[in-house]
Amino acid sequence: MECVFGLVGNGFAIVAADTSAVHSILLHKNNEDKIMVLDSHKLVAASGEPGDRVQFTEYVQKNVSLYKFRNGIPLTTAAAANFTRGELATALRKNPYSVNILMAGYDNESGASLYYIDYIATLHKVDKGAFGYGSYFSLSTMDRHYRSDMSVEEAIELVDKCILEIRSRLVIAPPNFVIKIVDKDGARDYAWRQSVKDVTTAVV
Amino acid sequence: EKEEVRLDFPPSHRRRLYLVLSLPSTFPDFSSVRKSSKLYSENPKFPMSIFEYNGSAVVAMVGKNCFAIASDRRLGVQLQTIATDFQRISKIHDRVFIGLSGLATDVQTLYQRLVFRHKLYQLREERDMKPETFASLVSAILYEKRFGPYLCQPVIAGLGDDNKPFICTMDSIGAKELAKDFVVSGTASESLYGACEAMYKPDMEAEELFETISQALLSSVDRDCLSGWGGHVYIVTPTEIKERILKGRMD
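Keeping their order, the protein sequence lines are chains W and F.
If you use the numbering used here, the first sequence corresponds to residues 3 to 206, in order.
If you use the numbering used here, the second sequence corresponds to residues 265 to 515, in order.
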């Protein structure tokens, strides 16, 4: 099952997601990037039905860019999160999207923030959040070790603890994870944690 | 695919009617909620009610020229707690508050719609809405969605023009229930009825009202696994609004 989790530290926010693309019992690929860079200072980690996940996050990304082009300034993280919730809420009673989202962002005025957005459009600003079966392990681990204002190194240690917990205790644990960070310098890849590398196909 | 939802109708003489409805297929697909629910897999004869998905407890009480409105702070997804600082009570204007229990997404949507409608009213009428008027507005908005309702039960509390406190609650399709003493809603409503009935007395001053409503709230949510993690209490008098956070059993 898809594991997505994230936390807020001292002037940064980190999100981690598993990277397996699964269809029933088959693993299509294990390097699928589920954390989309929404704009220069925002990340969206999404889990849920694959089609909806890609379509909906791209839709949000394009609308966020459109706002920036039209108005000359980018949206704040709170505004982008509320826009996302509005879209999910409008679609909820027509044709709902089955996507759970963790939106992390950095604003100069309000610092780093993390928003938890359920597939039924429940929005809440959190310090740590998680979705999926992995949340049962990662949320408890974060509850135990999280402090506000952690440094990047401490936060990555905590993320690694969560990944270790998921790998050792979840029956169909995803083998690989991607970790991305957003701070005043922007949203970027931080690291991959791979225990199984994709086998490259032979050139024919 | 049919979805079963329990609609709670307002109590008469403290007895409650339950109606199980089969809603048309245009209802949002919450079947994935049921399939992933621990309760469903263990006991398929008792479907999880959608009103119990997030967990909530809201209560309002009348005092002497003042009122109190309180809620719990837990935001959960069935058995898992997501956050312990969720705001269920919102200020519409200085003399009217609304507390919404039930499904959190509808709590947020409904709150946004009501604030919008009140702001429009303020622009047109150049004054704030009376609590009775606001309650009628909420009732109308809820009944608009009669066959695909917002899954919330609001609790409205306000001070009228003559500083007379007004409280009311309604079910998810807008059936108003006015009360002279207290109103409750949420997953902990049964416990809240009992606690409030025992602890309430008429014409309490603000400080005593605060003590009473806090004790009633905390003791009731302690008996409900889906609500709790502290309390949020607003005491509103004609001159001031006092907001307090309660620390209770954090579990």
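Every residue, glycine too, gets a C-beta built ideally from N, C-alpha and C.
Model, not experiment: these values are computed from the prediction.
Nonlocal neighbours in the same chain, by C-beta distance under 6 Å from Gln196 of chain W, ignoring five residues either side: Asn178
Tell me whether Glu507 of chain F sits in a helix, a strand or coil according to DSSP, three-state version. strand
Can you find a CB in chain W that lies within less than 8 Å of the CB of Thr397 of chain F? no
Interface partners of Thr373 of chain F on chain W, CB under 7 Å: Ala91
Across the segment 169-177 of chain W and the segment 44-60 of chain W, are there enough close Cβ pairs to call them in contact, namely three or more that are closer than 8 Å? no
Using DSSP's beta-bridge definition, name the partner residues of Lys130 of chain W. W:Leu9
Using the Cβ count rule (16 or more neighbours within 10 Å means buried), how would you classify Phe380 of chain F? exposed
Taking Gly134 of chain W as the reference, give the member of W:Glu51, W:Met38, W:Ala114, W:Phe14 with the closest Cα. W:Glu51
Please report the straight-line C-alpha distance between Val180 of chain W and Met38 of chain W, rounded to a whole angstrom. 11 Å
Counted within 10 angstroms of its Cβ, other Cβ atoms place Ala48 of chain W as buried (16 or more) or exposed: buried
Ignore the nearest five residues each way along the sequence and tell me which others in Ala193 of chain W's own chain have a CB closer than 6 Å to its CB. Ile181
Is the CB of Thr503 of chain F under 8 Å away from at least one CB in chain W? no
To which residues of the same chain is Glu461 of chain F closer than 6 Å at the C-beta, ignoring the five residues directly before and after it? none
Which residues, in order along the segment 346-376 of chain F, keep a beta-carbon less than 8 Å from a beta-carbon of chain W? Ile346, Ala347, Phe350, Leu367, Ala368, Thr369, Gln372, Thr373
Short of 7 Å in beta carbon distance, which residues of its chain neighbour Val497 of chain F, apart from the five on each side in sequence? Order them along the chain. Ala332, Ala334, Phe474, Ile477, Ser478, Arg508, Leu510
Assuming Leu236 of chain W and Ala82 of chain W make a contact with CB atoms under 8 Å, what is their CB distance in whole Å? This structure does not reach residue 236 of chain W, given that chain W is present from 3 up to 206, and the question cannot be answered.
Cβ-based neighbour list, Asp162 of chain W, same chain, cut-off 8 Å, excluding 5 preceding and 5 following: Arg195
On a Cα-Cα basis, can you pick out the residue from F:Asp349, F:Thr501, F:His357 that is closest to Asp467 of chain F? F:Thr501
Cβ atoms of His126 of chain W and Leu339 of chain F: under 8 Å apart, would you say? yes
When DSSP labels each residue in this structure, what does Tyr414 of chain F get in the three-state scheme? coil
Is the separation between the beta-carbon of Ala189 of chain W and that of Ser42 of chain W shorter than 8 Å? yes
Any beta-carbon of chain F closer than 8 Å to the one on Leu29 of chain W? no
From the DSSP secondary-structure annotation, give me the bridge partner or partners of Arg195 of chain W. W:Phe179
Are there 16 or more other CB atoms within 10 angstroms of the CB of Asn97 of chain W, so buried, or fewer, so exposed? exposed
Along the chain, where does the alpha helix (DSSP H) that runs through Tyr385 of chain F open and close? 368-389
Checking contacts by CB at 8 Å: is Gln344 of chain F closer than that to chain W? yes
Would Gly8 of chain W and Leu116 of chain W qualify as a contact pair, given that the criterion is a beta-carbon distance under 8 Å? yes
Between which two residues does the alpha helix (DSSP H) harbouring Leu166 of chain W extend? 154-171
For Leu423 of chain F, which residues does DSSP report across the bridge? F:Pro429
Can you give the Cα-Cα distance for Val341 of chain F and Ser491 of chain F, rounded to whole angstroms? 11 Å
Identity of the residues DSSP links to Ile119 of chain W by a beta bridge: W:Ile103, W:Leu125
Let me know if Glu316 of chain F comes out buried or exposed under the rule of 16 or more other beta-carbons within 10 Å of its beta-carbon. buried
In chain F, which residues lie with their C-beta within 7 Å of the C-beta of Tyr118 of chain W? Ile346
Where does Thr501 of chain F sit, in a helix, a strand or coil, going by DSSP? coil
Measuring CA to CA, which of W:Asp187, W:Ser137, W:Lys70 is closest to Cys5 of chain W? W:Ser137
Measuring only the C-alpha atoms, how far is Asp488 of chain F from Ser455 of chain F? 8 Å
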